[in-house]
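Undergrad: Residue numbers (my numbering): 8 to 213.
Glycine included, every Cβ here is placed at the ideal spot set by N, Cα and C.
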Amino acid sequence: MKLKLEIDGDITFLVVSEAVDMKQLPVLKAGLKKLFQSNKKTIVLDFLAVPETCFQQDTAMTSEISQLPKWAQELGAQLLVASGADGVHGYASRQGALEYLQVEINRLLATENQLTHELAEAEQLKAEIRKKLDTNAAEIAKLKNLKKDHSRLKKEITQLEEAIQRQLARRIPPVETLMSIKQKNTTVRNLLITVLEQEGAIPAQT
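Next up, the structure:
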């Protein structure tokens, strides 16, 4: 398959020559899509130089090619197929395709389809932007709530630490008190040992 691009005003001709098979159609559609995206919205796909045997031997390919105009319409473009092969729904000559394009109502319908497609794309883009804005707003609100929770938790932790310190201050006596208690315990212990020694309960310590 060979492709050749010809431009006549606002009409683009994509001329296909030599043999074509089903495996090459994805490449052809990708090329057409690039043309649509480059604002070439009216295209005549010329298969007149392709041997008719290619279409006769592969009816699936013939059916696929016949569906290309509808596929292009869904993309907001206008595609006409020129082929003399049986089974290909199109125009038997390039001139027949041009005559169709010159009819005012046909041009208006094509323009309407293009504008409708562009409007749908704009609405989709608008919806995507709105969704992103809503998502961002939700994230901002979530962040604010997290900051509030952080401040609240920090305050609660501080209050809890203060309460623990107060409880410890009540339960743990000062160092001086601890020393006094220790001294009393030592005195009592020594006195008890002395008494036990005097009673002979335990041997006297030297």
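Measuring only the C-alpha atoms, how far is residue 91 from residue 131?
TA: Approximately 40 Å, taken between the alpha carbons.
Undergrad: Residue 2 and residue 76 look like a contact to me (Cβ under 8 Å); what is the Cβ gap, rounded to whole Å?
TA: The structure shown does not extend to residue 2, since the chain is modelled only from 8 to 213, so the question has no answer here.
Undergrad: Measure the Cβ-Cβ separation of residue 108 and residue 19 and say whether it is below 8 Å.
TA: No.
Undergrad: Exposed or buried, what is residue 104 when buried is set at 16 or more other beta-carbons lying within 10 Å of its beta-carbon?
TA: It is buried - the Cβ of residue 104 has at least 16 other Cβ atoms within 10 Å.
Undergrad: For residue 24 and residue 56, which I take to be in contact (beta-carbon distance under 8 Å), what is that distance rounded to the nearest angstrom?
TA: Contact flag correct, Cβ pair sits at about 4 Å.
Undergrad: Should residue 51 go down as buried or exposed, given a rule of 16 or more other Cβ atoms within 10 Å for buried?
TA: Answer is buried; the Cβ neighbour count reaches 16.
Undergrad: Is it buried or exposed for residue 53, if we count other Cβ within 10 angstroms and need 16 for buried?
TA: Under this definition residue 53 is a buried residue.
Undergrad: For residue 27, which residues in the same chain have their Cβ closer than 6 Å to its Cβ, ignoring the five residues on either side in sequence?
TA: If we look at residue 27 and ignore the five residues flanking it on each side, its Cβ neighbours are 8, 57 and 61.
Undergrad: Tell me the rounded alpha-carbon separation between residue 68 and residue 29.
TA: Cα-Cα distance, rounded: 5 Å.
Undergrad: Would you mind stating whether residue 83 and residue 135 have Cβ atoms separated by less than 8 Å?
TA: No.
Undergrad: Hey, would you say residue 117 sits closer than 8 Å to residue 85, going by beta carbons?
TA: In contact: residue 117 and residue 85 (Cβ atoms closer than 8 Å).
Undergrad: Checking 8 Å against the spacing of the C-beta atoms, do residue 21 and residue 32 come in under that value?
TA: Their beta carbons are not under 8 Å apart, which means residue 21 does not touch residue 32 by this criterion.
Undergrad: From the DSSP output, which residues share a beta bridge with residue 13?
TA: DSSP, once it has assigned bridges, lists 20 as partnering residue 13.
Undergrad: Does DSSP classify residue 141 as helix, strand or coil?
TA: In the structure shown, residue 141 sits in a helix (DSSP, three-state: H, G or I).
Undergrad: Could you give the DSSP three-state label for residue 34: helix, strand or coil?
TA: If DSSP states are grouped into helix, strand and coil, residue 34 belongs with the helices.
Undergrad: According to DSSP, simplified to helix, strand and coil, what is residue 26?
TA: The answer is coil: DSSP assigns residue 26 none of H, G, I, E or B.
Undergrad: May I ask you to report which of helix, strand or coil DSSP gives residue 82?
TA: Residue 82: coil per DSSP, three-state reduction.
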